[in-house]
Structures are given as structure tokens and as C-alpha cells.
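Some notes on the structure that comes next.
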Amino acid sequence: MKALAVEENGALRIVEIEKQKINDYQVLVRMLAGGICNGTDAKIIHGKFKGFHTYPAILGHEGVGEVVEMGRFVENFKLGDHVLCPFQEGMNGPYHSGWGAFAEYAVCWDWKALVKSGVSQDSPDFPVSAYTQKVIPKEMDPVHGSMMITFREVLSAMKTFALQANKSIVIYGCGPVGASFTKFAKILGLGPVIVCDLTEERMQKARDLGADETFCSTDPDLTGKIRAVCPQGVDYVVDAVGRSQIINQAMNLVTFNGKICVYGISPNNSMELDWTNSEYNWQLQFIQWPTKWEEAQAHQQVMNWIRSGILKPEEFYSHVVPFEKILEGFEMTAKQEAFKVMVTF
4 MKALAVEENG ALRIVEIEKQ KINDYQVLVR MLAGGICNGT DAKIIHGKFK
54 GFHTYPAILG HEGVGEVVEM GRFVENFKLG DHVLCPFQEG MNGPYHSGWG
104 AFAEYAVCWD WKALVKSGVS QDSPDFPVSA YTQKVIPKEM DPVHGSMMIT
154 FREVLSAMKT FALQANKSIV IYGCGPVGAS FTKFAKILGL GPVIVCDLTE
204 ERMQKARDLG ADETFCSTDP DLTGKIRAVC PQGVDYVVDA VGRSQIINQA
254 MNLVTFNGKI CVYGISPNNS MELDWTNSEY NWQLQFIQWP TKWEEAQAHQ
304 QVMNWIRSGI LKPEEFYSHV VPFEKILEGF EMTAKQEAFK VMVTF
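Written out as C-alpha cells, the structure reads:
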């Protein structure tokens with residue numbers, strides 16, 4: 004089968020690998036759609052994803068596939084089901100799994116059947132990613148299903164950050180992740196919602212999604228303008244980009260007992276903190292890897308919002324390309340010519 008591989012030098016190419024064989028507790032899925040992640044995929048390509056060193060690797064973690072084959076003891080999937088988050092398991096020839104959803108086929112686990120057989124969820128070999136492998140309605144556009152993965156990750160992080168209604172929030176960045184933070188902040192009753200980005204196009208996107216105020220991130224008077232909206236400072240500042248300098252900028256913005264929430268993964272892993280001008284009491288919290296269990300718990304809330312029409316997945320991507328043109332999709336992403344690129348099979 005065909006798959007997208009990244010080499011250690013960052014080169015991308017379509018490769019031929021073996022279709023994976025499933026065990027008794029797995030299902031094989033034929034991939035339907037996936038999303039190019041502007042964060043994780045890009046950082047793996049550039050060798051900047053903390054803790055990831057296994058190249059060459061098959062990319063992709065935002066996928067949807069249709070069940071076409073089932074293991075003997077599978078109980079919680081059926082043929083034809085559309086399932087989120089299929090992955091490649093282990094090595095496939097010389098290729099490691101970079102989650103591996105950009106392939107023609109992938110696998111999912113029936114973790115409940117596995118537990119029923121006596122395998123402990125605390126076992127180091129337990130496939131925790133299986134928690135996120137949820138069935139979605141067949142009538143749902145698979146591209147929209149792929150967007151749900153970003154939505155679930157962001158919503159689960161917001162819950163862990165303990166963001167509360169009627170509190171002010173500044174969000175740095177309005178890419179797909181920052182846009183999700185913006186929309187969910189409005190849905191959950193935070194306000195004012197202030198978004199900072201580099202381009203007018205992204206700031207307009209934030210306003211379209213409900214942002215109360217938008218400011219250019221490089222404005223020399225950015226702190227003054229935000230303080231004009233929130234004179235006592237803001238309750239939360241979210242880094243949805245992954246730039247460590249945002250943390251020091253945020254210290255000039257957070258109110259007493261406010262919180263700096265770091266979600267974006269920075270390419271550098273150290274910095275000097277300067278709290279000279281901050282309040283005496285503040286918090287800094289990193290949630291750069293929402294647990295699979297937490298992500299799974301966010302699934303139904305996201306689905307409810309989509310069904311009600313309050314959340315429209317089509318507002319969070321700009322291009323859809325067939326798998327045969329996935330390299331063009333990554334090129335558009337690298338050149339910032341696309342807000343988010345989705346891939347169909």
C-alpha cells in the first residue's frame with residue numbers, strides 16, 4: 004500500500020509498504036480522510052518534535068478510516084464503521100510509526116475487548132491511543148471527522164487548564180488550533196476573548212469565529228492595547244503557536260492569580276523567565292500532550308456541538324486534496340498558503 008514517509012533530513016515521499024496484519028483485538032481500516040497538522044507534522048519534518056527521533060517514519064495522526072477486516076475477538080466495531088485515529092502499529096519494513104494515518108490502510112484496537120480478556124489498562128503495553136478510536140456516524144463527511152481530532156485535543160486541554168466562564172482570555176495565534184481555542188472560548192462563555200496574530204487574514208478569521216478583539220502580535224503597544232480592554236489584566240493567556248517568548252509577554256498581561264496556558268510546542272526547550280513586571284501570584288501550566296483518555300472524554304461534547312450547528316468543521320480548513328497530491332498539500336502548508344489542508348483517499 005502507499006503511504007507518506009518523512010526522512011530524517013525532512014524529505015517527504017510517497018513509499019510502498021506492506022498492509023498491516025491485524026491481531027485478534029484489532030480492526031483493519033481503509034483510510035478515508037486525514038488532516039495535515041500544522042504543528043505536530045511540521046515539527047516532525049523539521050526534527051523539532053520533542054522526544055521523536057525515529058526516522059524514517061510514516062506521518063499522520065488526524066485520520067478517519069472504514070473498517071474492512073476484523074480480528075476474532077473484536078466486539079465493539081463492525082464492518083463498515085467509520086473510526087477516528089487509526090494508526091500504524093510498530094515497524095513496517097524500515098519505517099517507524101509517526102502515527103501513520105497517511106497510508107491507504109491502518110489499524111484500530113478494540114480496547115474494551117482487550118480489557119475483557121484480562122489485559123490491564125495499567126500495563127505498559129496497553130494501547131492507550133485506542134481510547135481515541137471512536138466511531139462516527141457514516142453520514143458525517145470524513146473530512147469533518149478528521150477535524151474532530153483537533154477539536155477534541157483542544158477541548159480536552161481547555162478542560163485541564165480549567166478555563167472558566169466569565170473570565171477574560173488572550174489567545175496567541177489563530178491557526179487551526181488557535182481558531183479552535185477561540186471558538187470554544189466563546190461557546191463556553193469566556194470573555195472578552197482577545198486574539199493576537201501576525202496577519203489581518205488570521206485576525207479576520209478570529210473575528211468570524213467570535214473574538215471580541217483582535218490585535219497584531221508585533222504591535223509595539225500590544226500590552227497597552229490589551230490592558231485598555233482589561234485594565235486589571237487578563238485571567239488566561241494561551242500560547243496556541245509554540246513560541247517560548249510568548250510566556251514572557253504573557254507575564255505582563257495576566258492578572259493577580261492569572262494563568263499562562265502553554266499548548267503550542269516550541270522548537271526550543273529552554274528559556275529565561277522574566278517576571279519583573281508580573282503580578283506576585285500567577286501560574287504557568289503546560290499541556291502540550293492531552294492524554295488519550297482526556298481526548299476521548301471530549302468526543303461527545305464536540306459531536307454534540309457539530310450536530311447542533313454551533314460548531315462547523317468547514318470553518319477550520321481551507322483546502323482538500325487527494326492523497327495523490329499530499330506533497331502539494333504539505334508544500335502549501337509550509338509556505339503558509341493554506342489555513343489547513345485536509346486529505347482524502
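Residues 4 to 348, numbered by the numbering used here, are exactly what the sequence shown covers, in order. Glycine residues also receive a C-beta, built at the ideal position from the N, C-alpha and C atoms. Model, not experiment: these values are computed from the prediction.
Counterpart residues of residue i in DSSP-defined beta bridges
{"i": "Val100", "result": "The sequence given here has Ser at residue 100, not Val. Bridge partners of Ser100: Ile61."}
{"i": "Trp308", "result": "BP columns for Trp308 are empty, so no partner."}
{"i": "Met143", "result": "Bridge partners of Met143: none, in fact."}
{"i": "Pro325", "result": "Thr347"}
{"i": "Phe90", "result": "Val110"}
{"i": "Ala8", "result": "Arg16 and Ile61"}
{"i": "Asn95", "result": "Tyr98"}
{"i": "Val77", "result": "Per DSSP, none; premise fails for Val77."}
{"i": "Val138", "result": "Val86"}
{"i": "Val257", "result": "Val237"}
Top-ranked residue by Cα proximity to residue i, from the options
{"i": "Val67", "options": "Glu78, Val138, His49 and His56", "result": "Val138"}
{"i": "Thr221", "options": "Ala36, Gln248 and Val110", "result": "Gln248"}
{"i": "Gln25", "options": "Ala45, Ile47, Phe76 and Asn12", "result": "Looking at the sequence shown, residue 25 is not Gln but Ile. Out of Ala45, Ile47, Phe76 and Asn12, Phe76 has the C-alpha closest to the C-alpha of Ile25."}
{"i": "Ile152", "options": "Val122, Ile268, Thr43 and Gly332", "result": "Thr43"}
{"i": "Tyr28", "options": "Ala116, Pro223, Lys46 and Val173", "result": "Ala116"}
{"i": "Asn12", "options": "Gly38, Gln252, Glu204 and Ala60", "result": "Ala60"}
{"i": "Ala337", "options": "Ala14, Lys5, Met4 and Ala6", "result": "Ala14"}
{"i": "Ala106", "options": "Ile39, Val131, Cys219 and Gly74", "result": "Ile39"}
{"i": "Arg155", "options": "Ala6, Trp292, Glu331 and Lys228", "result": "Trp292"}
{"i": "His99", "options": "Arg33, Val86, Val71 and Gln23", "result": "Gln23"}
{"i": "Asn280", "options": "Asn251, Ile263, Glu298 and Thr294", "result": "Asn251"}
{"i": "Val110", "options": "Val86, Ser120, Ser273 and Ser123", "result": "Val86"}
{"i": "Ile161", "options": "Gly37, Glu331, Lys189 and Gly121", "result": "Note that residue 161 is Met in the sequence shown, not Ile. For the residues Gly37, Glu331, Lys189 and Gly121, the minimum Cα distance to Met161 belongs to Lys189."}
{"i": "Arg210", "options": "Leu158, Pro195 and Pro223", "result": "Pro195"}
{"i": "Gly176", "options": "Gln167, Val30 and Ala214", "result": "Ala214"}
{"i": "Thr169", "options": "Val237, Thr347, Leu314 and Lys53", "result": "A quick correction: the sequence has Asn, not Thr, at residue 169. Here the closest residue by C-alpha is Val237."}
{"i": "Asp200", "options": "Ile174, Ala231 and Leu212", "result": "Ile174"}
{"i": "Trp296", "options": "Gln91, Lys46 and Tyr134", "result": "Tyr134"}
{"i": "Cys88", "options": "Gly96, Met94, Gly74 and Ala104", "result": "Ala104"}
{"i": "Glu203", "options": "Thr217, Leu191 and Leu193", "result": "Thr217"}
{"i": "Pro97", "options": "Val18, Leu35 and Glu72", "result": "Val18"}
{"i": "Ser149", "options": "Ile313, Glu65, Val118 and Val71", "result": "Glu65"}
{"i": "Met94", "options": "Ala8, Ser273 and Leu166", "result": "Ala8"}
{"i": "Phe52", "options": "Glu69, Gly227, Ala165 and Asn272", "result": "Asn272"}
{"i": "Leu359", "options": "Ala45, Ile20 and Glu21", "result": "Here the chain covers residues 4 to 348 and nothing more, so residue 359 does not appear."}
{"i": "Gly227", "options": "Lys208, Leu212, Val257 and Gln207", "result": "Val257"}
{"i": "Gly101", "options": "Leu62, Gln207 and Val323", "result": "Leu62"}
Boundaries of the alpha helix (DSSP H) in which residue i is found, first to last residue
{"i": "Thr185", "result": "Pro179 to Ile190"}
{"i": "Met254", "result": "Gln248 to Met254"}
{"i": "Val131", "result": "Counting along the chain, Val131 falls outside any alpha helix (DSSP H), and DSSP gives it neither H nor E."}
{"i": "Met335", "result": "Ile329 to Ala337"}
{"i": "Leu349", "result": "With the chain represented from 4 up to 348, any question about residue 349 goes unanswered, as that position is not in the structure."}
{"i": "Ala209", "result": "Glu203 to Asp211"}
Residue i - containing beta strand (DSSP E), residue span
{"i": "Glu216", "result": "Glu216 to Cys219"}
{"i": "Met34", "result": "Gln29 to Gly38"}
{"i": "Arg16", "result": "Leu15 to Glu19"}
{"i": "Glu69", "result": "Gly66 to Met73"}
{"i": "Asp242", "result": "Val237 to Asp242"}
{"i": "Lys51", "result": "Element bounds for Lys51: n/a, residue is neither H nor E."}
{"i": "Asp200", "result": "Val196 to Asp200"}
Min CB distance residue i to chain B below 8 Å
{"i": "Ile197", "result": "No chain B is part of this structure, which consists of one protein chain only."}
The ligand COA heavy atom lying under 7 Å from the CB of residue i
{"i": "Cys199", "result": "You won't find the ligand COA in this model; it holds no ligand whatsoever."}
Every unbroken beta strand (DSSP E) inside the segment 261-299 [3 residues or more]: Runs of the beta strand (DSSP E) inside the segment 261-299: 285-289.
When you compare the segment 239-247 with the segment 139-146, are there three or more beta-carbon pairs, one atom per stretch, that lie closer than 8 Å? no
Is it a yes or a no for the segment 142-151 touching the segment 279-296, going by three-plus beta-carbon pairs under 8 Å? Fewer than three pairs of CB atoms, one per stretch, sit closer than 8 Å, so the segment 142-151 makes no contact with the segment 279-296.
Contained beta strand (DSSP E) runs [length at least 3] in the segment 148-181, N- to C-terminal order: 172-175
Examine the Cβ distances between the segment 255-270 and the segment 120-130 and report whether three or more of them are shorter than 8 Å. no
Assess, as a yes-or-no matter, whether the segment 177-191 is touched by the segment 308-324 under the definition of 3 or more beta carbon pairs within less than 8 Å. With contact defined as three or more Cβ pairs closer than 8 Å, the segment 308-324 and the segment 177-191 are in contact.
Taking three-plus beta-carbon pairs below 8 Å as touching, is the segment 70-84 in contact with the segment 302-311? At 8 Å Cβ cutoff, the stretches do not touch.
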